[in-house]
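> Residue numbers for the sequence shown, in numbering that gives the first Met the number 0: 0 to 256. Glycine included, C-beta positions come from ideal geometry on N, C-alpha and C. Sharing a structure with you now.
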Amino acid sequence: MAKELPFFMFEPSEWMFGRIQRQPNEIKGIFIDLLCKYWHKRCEILHRDARLDFGEAIDNLVDSEVITIDDDGYIRIDFLDIQMNKIGEKSKRMSIAGKRSAEARAQQNPNNSSTTVEQTIQDNTRQDNTIQNNIEKYDVEVVNCLQNCLKHFPTYLTPSENNLWKWADVVEKLNRIDKIPYEKVYEIVQKTRADDFWCKNFLSMPKLRQKNKEGIKYIVVFNEQIKGSKNGQQTYQSAEQFVGSAKDISARLGLND
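Now the structure itself:
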């Protein structure tokens with residue numbers, strides 16, 4: 000495990016009063032083991048691999064929405080993903096600082112510039128180009144939509160430059176696969192992030208293509224809840240009404256596939 004990942008932050012109140020408390024003690028213990036492995040793997044574990052390691056307990060955690068599964072089959076644990084993104088951003092800043100330091104040393108000692116210094120500059124430049132290429136492969140509509148959506152997330156929730164392409168990929172798939180216009184994607188993001196209740200359940204763009212325990216994508220969940228707003232006050236449906244209407248919308252849009 001990398002030196003920058005010796006531990007993660009753990010909030011007692013979320014543990015004591017969150018959804019995990021609905022689970023039996025055995026599942027709670029498995030969840031702690033999952034958190035540790037998830038962090039050790041840099042927040043990249045396939046659902047099928049987690050199920051091999053932890054059995055049907057993973058399904059219980061998914062059904063209770065303690066964890067989610069993204070469109071690529073990876074499990075997602077929001078509070079750890081946020082911390083990992085912050086570490087990635089810090090690593091990027093340190094990389095830039097190292098590059099500047101190497102350039103400064105090379106200017107001060109032009110005749111004694113070591114191969115190590117030159118290699119450091121080349122490696123950092125290569126990394127910068129890779130990040131830029133990952134974003135540039137998307138159409139301008141995707142990039143514009145993402146840039147507008149990012150305005151509604153606080154800095155600590157936004158991904159590092161290394162992971163920004165993952166959010167762009169979500170926007171692209173929402174339009175290309177789910178057939179949702181970019182304007183509608185932005186509207187849902189804007190209104191959901193502005194809602195006092197739903198903003199706590201929407202901490203990253205990849206959440207939009209993940210499914211809840213009813214098999215409904217969260218972009219449908221969020222849209223169904225925010226469109227009931229009247230005069231600035233949110234009107235919530237009963238659970239039965241919501242699930243029924245959301246399933247109907249999902250079926251018509253082909254988002255249950």
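At what residues does the alpha helix (DSSP H) containing D194 begin and finish?
Note, D194: premise wrong, no alpha helix (DSSP H); not H, not E.
> Check for me: the alpha helix (DSSP H) holding Q22 runs from which residue to which?
It is not in any alpha helix (DSSP H) - Q22 carries neither H nor E in the DSSP assignment.
> Taking E46 as the reference, give the member of W14, K183 and I57 with the closest Cα.
Position check: residue 46 holds His in this sequence, whereas Glu was assumed. That would be I57, whose Cα lies nearest to the Cα of H46.
> For a test of the three-state rule: what should DSSP assign to I31, helix, strand or coil?
If DSSP states are grouped into helix, strand and coil, I31 belongs with the helices.
> Going by Cα to Cα distance, which pick from F6, K27, F7 and V142 is closest to M15?
Looking at the Cα atoms, K27 is the closest of the given residues.
> Measure the alpha-carbon distance for I176 versus F221 and round it to whole angstroms.
Between I176 and F221, the C-alpha separation is close to 18 Å.
> Count the other CB atoms, across all protein chains shown, that sit within 10 Å of the CB of I76; report buried if there are 16 or more and exposed otherwise.
Label assigned to I76: buried.
> Below 8 Å on the Cβ atoms is my guess for Y217 versus Q209; work out the distance and round it to an integer in Å.
Rounded, the Cβ-Cβ distance is 6 Å, consistent with contact.
> So which of L163, E213, C35 and E186 has the shortest CA-CA distance to S203?
Ranking L163, E213, C35 and E186 by Cα distance to S203 puts L163 first.
> Looking at L79 and L33, is the spacing between their C-beta atoms short of 8 Å?
It is not a contact, given that the beta carbons lie outside the stated cut-off.
> Looking at the structure shown, is R41 part of a helix, part of a strand, or coil, going by DSSP?
Of the three classes helix, strand and coil, the one that applies to R41 here is coil, per DSSP.
> Where does N24 land, buried or exposed, given buried means 16+ other C-beta within 10 angstroms?
The residue is exposed, with fewer than 16 neighbouring Cβ atoms inside 10 Å.
> Considering Cα atoms alone, identify which of Y73, Y185, P205 and E160 is closest to D48.
The residue with the shortest Cα to Cα distance from D48 is Y73.
> DSSP beta-bridge partners for K210?
Answer by DSSP bridge pairing, in chain order: K216.
> Using the three-state DSSP reduction, which class does P11 fall into: helix, strand or coil?
Three-state result, P11: helix.
> Taking the beta carbon of L145 as the centre, do at least 16 other beta carbons fall within 10 Å, making it buried, or is it exposed?
Flag for L145 reads buried.
> Taking I57 as part of the alpha helix (DSSP H), name the residues at either end of that continuous run.
Counting along the chain, the alpha helix (DSSP H) containing I57 begins and ends at A56 to D62.
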